[in-house]
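Q: Dropping the structure in here first, questions after.
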Amino acid sequence: MQTIDDERLVWANFDTLVGILESVLGRDVGSAEASMYVPTEREAFLLRELMRFIYDENLVSGKEDRVLVVGTRRAWDEYHTYDHYFCQPNRSFKPVSHLAFYKDGEIKPEVPKVTGAAESITLDEGTIRDHPKLSRSQEQSLLQAVEKMRENESERYGDTQKVLFLKPDLNLERPVQNDKTASDSNRTVAFVQGHRYVSLSTLRDNPSYTTELEE
Numbered sequence: 010m011q012t013i014d015d016e017r018l019v020w021a022n023f024d025t026l027v028g029i030l031e032s033v034l035g036r037d038v039g040s041a042e043a044s045m046y047v048p049t050e051r052e053a054f055l056l057r058e059l060m061r062f063i064y065d066e067n068l069v070s071g072k073e074d075r076v077l078v079v080g081t082r083r084a085w086d087e088y089h090t091y092d093h094y095f096c097q098p099n100r101s102f103k104p105v106s107h108l109a110f111y112k113d114g115e116i117k118p119e120v121p122k123v124t125g126a127a128e129s130i131t132l133d134e135g136t137i138r139d140h141p142k143l144s145r146s147q148e149q150s151l152l153q154a155v156e157k158m159r160e161n162e163s164e165r166y167g168d169t170q171k172v173l174f175l176k177p178d179l180n181l182e183r184p185v186q187n188d189k190t191a192s193d194s195n196r197t198v199a200f201v202q203g204h205r206y207v208s209l210s211t212l213r214d215n216p217s218y219t220t221e222l223e224e
């Protein structure tokens, strides 16, 4: 490519492509800038199908050293209550080995292992019991979660969600503090907007600050 030296020719890989698709799918009318195009429902469906094809064909780099970091206010507390991660159905993520939680300006020290996923399932006992796409252990753990939801009168109960099944695994020595700043100033900005990925091996080294995860 350097020999050809033509600005019309660029190099990219499927990891980059998937990252761009995720950013497009993450846009909504309420949060997107005026200059950003928000995909229609049909376009979003087709983009998710493309991403699923890329994952199924193993075209992205391996999941063994990839951690999904989610930045939601509810996820951290829900993990401690229900032992799972819940989000909108069919949300596309790269294959990952672990999940981390970003809240209160830090990555929390508990980093559970991702053992499986249900792309779209209604959170009630009748749907979950004997569900053909759930293993026996997944069915039992999810039944326990929705029973707690019903008892707690949670808004999740009865909703259709994507579920990531989690197992306690990695415990960091301390939370990873966010020190990410804006490119044009020293103003601190959120390390996670929706979700992002970091290296598991780097996280295992117990970094003190999020900028160490970006190197």
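Count along the sequence shown from 1, then add 9; that gives the number in the working numbering.
Beta carbons: idealized from backbone N, C-alpha and C, even for Gly.
Since we're looking at a predicted model, the values are computed, not measured.
1. Where does Phe-110 land, buried or exposed, given buried means 16+ other C-beta within 10 angstroms?
2. How far does the alpha helix (DSSP H) with Asn-161 in it extend, from its first residue to its last?
3. By Cβ distance below 6 angstroms, which residues in the same chain neighbour Gly-114 in space, the five residues on each side in sequence not counted?
4. Measure the CB-CB distance between His-6 and Val-76 and report whether it falls below 7 angstroms.
5. In whole angstroms, what is the alpha-carbon distance linking Arg-83 and Lys-176?
6. Along the alpha helix (DSSP H) that carries Asp-227, what are the first and last residues, could you check?
7. Can you give me the start and stop residues for the alpha helix (DSSP H) that His-89 sits inside?
8. Give the single residue among Phe-200, Glu-31, Thr-90 and Val-185 whose Cα lies nearest to the Cα of Ala-191.
A: So, to answer that:
1. buried
2. 145 to 161
3. These residues qualify, in order along the chain: Asn-187.
4. Since the displayed the chain opens at 10 and closes at 224, residue 6 lies outside it and no answer follows.
5. 18 angstroms
6. Here the chain covers residues 10 to 224 and nothing more, so residue 227 does not appear.
7. 84 to 91 is the extent of the alpha helix (DSSP H) around His-89.
8. The shortest Cα separation from Ala-191 among Phe-200, Glu-31, Thr-90 and Val-185 belongs to Phe-200.
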